[in-house]
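Numbering-wise (the numbering used here), the sequence shown opens with residue 83 and increments by one.
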Amino acid sequence: MTGVRDAAWTLRRLDPSQDPGDALARGIPARVPGTVSGALRDALGEDRVATVLATDGPDTVWEYRTRVTTAGGRHRFMSTGVATVAQLLVADRVVHESHSAFAPWDVIVELPSGPCEIALRVLPTASVSVPRKPRARWLSPLVSDRSLRWRRTPLIGSIDWPGALPVLGPWGGLRAVPLLSSAADDDTPHPSLGLVPRAVRTRVGEDGSGVVTVELGPTTGTTPDLYADTAGSAGAAAELADVGCSADPDVPVARGAAVEHARETVHITVEPPYEVDAQPVTAERVVTASDATSRETFTVDVTVPDPAMWWPHGMGEQPLYRVRVRTGQGECTYAVGFRSVCAEPRDRDHRGLALRINDVPVFARGAVWAGADPFEVAADPQRTRDVLERLHAGGSTMIRVPGTACYETEDFHRACDELGLMVWQDVALGPQDPPDDSEWRAGLRHEVRYLASRLASHPSTVVISGGTEVIQAPVLAGRPAEQWRTDVVLRDVPRAVGEADADVVVVPSSPCSDADLDAAQHAYETGEASGERAASSSVPTVAPTDAADGVSHYFGVGAYGRPLEDAVTRGVRFAAEALAFAVPPEPAAVREQFGTDGPLDDGDSADAWRAGVAHDPGAQWTFEDTTAIYVHRLFLDRDSDPDAGLATPGQPASDGAGTGHVERLEYERAALAHVFQRTFAQWRSEESPCRGALVLSALSMAAGPGWGVLDASGRPTAAWYGMRRACAPVAVSFLPAGGDGLPVHVWNDGPTPLMTTLRLTVATVHGGCQQPLDIPVTVPARGETVIRADLADGTFRDLDHAYGFGEREYDAVSAQLVNPSGRVLARDVHLTGGPRRNDAPDPGLDAHWVRTEQGEWSVAVTAFGLARFVALDLPRGAVAEDGYVHVLPGETVHVPVSGALTDEGRAAARVRALSAPSVPVGAEPE
């Protein structure tokens, strides 16, 4: 039998105006799960996708079609979501219709025996009208289409961001499962309830035991449609087709009809991971119709004594238990983990969001997720895994899925579980005024309840938020304070998450204030609104955009051009978005994408480069301008920034950095590596109030300088290298304190103390290095140790030339963490007085390949003089695991290299430093 899961799909464009002989009219291969843009990319190439989608007319329909052969009978069709206005057709008859990209499909269909045509039609979103009232109280500069506030569709394709494409099609897949009869027979005198698992969730009890809760529902019903608890329809809340329908209208399908004496035996087994020394826990329970909840579901709890706890990356292991649930309809398997999560109590002295996992404080760092594939929401699972692994290797511990994006697939969430990457999940709401409409709000609650239930089995999901900038947008639009907040995010979303019994921290929207957090928590716990709205005459004392309060989107360092210490002086507590820059890819990627090292110096590639520059709609500047501010601040100007304050000359240089695009890009990469490392190190310090920071964003969505710390192909950028040095589970970083010396911060996220040696090496202005100084250090478990490098030898040395008396003596200071076997665990170098060097001499770079006994490759880099911002230039497929490092005179630094390396690739590799010519990497010495 050929099933829907493995079916071969064809995608066609149905448009009255197109040529019948057009390839899209005939059909192209497509994947399910997948989207129209992904299928177009695979069939026609990346360059054609935007052009084809731009020609869609008001009557354009995209149709996925396949043929399956079955034995017939009742089948359960399921999908996480199809974008947006979509129909399911069986034998060319519509059996289900949905007007939401986020509504789960759970449809019972009677299939004929033998071959059968299955089709998914994606209709124009505008084919469904929306109400004109109530009108929006404010408008968003990001989203020009006002009707989208009503439509449950991803905003990503409607915002003028580089590479943003509309989401169309079955991003949530489509699968069909044959159903068994639930009628009584001679062996089973009682009719079956026909139960199947709907959700699995876990929690940790006060006594430390784990509890697995399995929620089941009857197959004779379906997942409640989005507007099930209201009558009638209006606009975007148009009545959905009966999801319990049959292809044969004469065959009735009962909905939740469980006769009084029906029952079901549920078998549950919880198997520990192989590394945990424990026995499986089994349970068997007979469920009767009288056990049904008000939502016609059934729950069964299984207690797991003393479970192994799931921890974020670097803080411990990620043990996942296997849960097997068997009913009369078959067996389902889930992977779950046990952990607790909570927000720390807030008061006047402790403001903002701070998370605790398993009752241990965490500093969450990571990125805002833009997807793993710019063309495909339902990205190939391996590509998704590769991107997440690269973020994991860069020290990330949290990924945020924003409200402007589509929800993610199970492949994404499983990978986050396994990698220890916490997930902050926004509800798909963006910077628009949510309609205060009863039907629309009821539909949203059903959507959120399903989302929270789906994610409840994933220990990685720790935060569910009501969306992106829903509260911030009216604030920045200048609306009165009484319009800043809406019950949609303060009550509806938290209440729906609470009804799903998901063990998460709820946030009403990102950003928000402490008062908003408290209101959302109250609604999550009680289902009721908290407190009274502020009177129109009251004057706010705190704005939801304040960095030190609630949750912030912090771009002081970044878009607003503040000096690096602003990240500390603003008191950032939890920045759910931060550090937005236009980040150029590495040289090899630029050559591959644009055919030249300096696209703006080439008329043929300049327009393509500008098309990929990160920008916001309506702004008169781009984030490339933002990056240029920090290039000037660090390398050209003398201003208040402590990293440039002692640089000479005091006036901006008329020439130098920026004479050509190739050179400007090198300075941009160096500046970003420095800014990302220094800012994250400041935030990670125990002296900082910051408890979370997520960069915008994980991956650039178009070729060129996007927001991503990874380029559009998933390769690291200079920002990733800087972030990695400050965010690795074991890390060391200098944080200059001006007249208070040069502290070295050592971090250890691990569950046991770290006993190591801190090796300090000082380079002088005369071109040599002083004798290294070894200092034994013990860093507490999940803690930090600070050592004053300027006092480490028992005397005071002005290593950063902070006092400025006489000529500068020192050029740089190196800190290495060395374990007892001599392996370097972490390394950092501070450039005395800042990163600028006027008329820096050629450092005399040399490099060669080295292969370890384990067969891993690295490049050994040495320098005659001080080499700043040293990085490798590698061919496609090979990735340097460190970059933009500083090499002291006479020092050898080993840069690990991963990925595919051929003899030709090694021969083509080069090493470069700022303001110095690149040199080839020599062959491995014999």
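Positions of the beta carbon are idealized from the N, C-alpha and C atoms, including for glycine.
- Going by C-alpha positions, E521 is about 21 Å away from W220.
- In the DSSP assignment, Q675 falls within the unbroken alpha helix (DSSP H) covering 669-676.
- The stretch 414-428 and the stretch 552-566 do not touch, with fewer than three beta-carbon pairs separated by less than 8 Å.
- The stretch 652-660 makes contact with the stretch 435-451, as at least three CB pairs between them are under 8 Å.
- Residue state for C809 is assigned as helix, using DSSP reduced to three classes.
- When rounded, the separation of the alpha-carbon atoms in C851 and A446 is 37 Å.
- If you compare the alpha carbons of R523, S539, T860, A670 with that of D569, the shortest gap goes to R523.
- Measuring C-alpha to C-alpha distances from A982 to each of S1000, G959, L996, D683 identifies G959 as the nearest.
- Put simply, of P957, A942, G987 the residue whose alpha carbon is nearest the alpha carbon of V967 is A942.
- Nearest to E659 by C-alpha distance, out of L470, A649, D924, is A649.
- Between A371 and V384, the beta carbon gap of about 22 Å keeps them out of contact (Cβ cut-off 8 Å).
- For W789, the closest C-alpha among the options T877, L778, A670 is that of L778.
- By the C-beta density criterion, V621 is exposed, having fewer than 16 other C-beta atoms within 10 angstroms.
- Excluding five sequence positions before and after V911, the CB atoms of its chain that fall closer than 6 Å to its own CB belong to A894, S896, H968, given in chain order.
- Distance between A605 and R994, taken at the CA atoms: about 56 Å.
- Under the criterion of beta carbons closer than 8 Å, T466 and D493 qualify as touching, at roughly 5 Å.
- Between V249 and C198, the beta carbon gap of about 28 Å keeps them out of contact (Cβ cut-off 8 Å).
- When the five nearest sequence neighbours on each side are left out, the beta carbons in the same chain lying within less than 6 Å of the beta carbon of G774 are those of A446, F656, in order along the chain.
- Annotation: D707 to V713 spans about 10 Å, alpha carbon to alpha carbon.
- Here P223 has P699, G700 as same chain residues with Cβ atoms under 7 Å from its own Cβ, once five neighbours each way along the sequence are excluded.
- Contact check for S980 against V961 passes: the beta carbons are separated by less than 8 Å.
- Here DSSP, grouped into helix, strand and coil, assigns F946 to coil.
- For the pair P818 and G832, the CB atoms are not nearer than the 8 Å cut-off.
- Between the C-alpha atoms of G1004 and P925 there is a straight-line separation of about 17 Å.
- For W765, the uninterrupted alpha helix (DSSP H) run begins and ends at 743-766, by DSSP.
- If you look at V286, you'll find it isn't in any alpha helix (DSSP H); it sits in the beta strand (DSSP E) that goes 277-286.
- Taking one beta carbon from each stretch, the stretch 477-490 and the stretch 189-198 have fewer than 3 pairs nearer than 8 Å; the two do not touch.
- The DSSP-derived three-state label of D129 is helix.
- Comparing C-alpha distances from G632 to each of T678, Q554, T761 shows the shortest one belongs to Q554.
- Counting other Cβ atoms within 10 Å of its Cβ, V348 reaches 16 or more and is therefore classed as buried.
- DSSP lists R158 as the beta-bridge partner residues of I190.
- Comparing C-alpha distances from W91 to each of P971, E128, G251, A780 shows the shortest one belongs to G251.
- The way I'd put it, the stretch 929-938 doesn't touch the stretch 870-883; fewer than three beta-carbon pairs between them come closer than 8 Å.
- Straight-line spacing of the CA atoms in Q936 and G804 works out to 27 Å.
- The alpha-carbon of L907 is positioned some 54 Å away from that of R377.
- According to the DSSP secondary-structure assignment, N830 is paired through a beta bridge with V812, G865.
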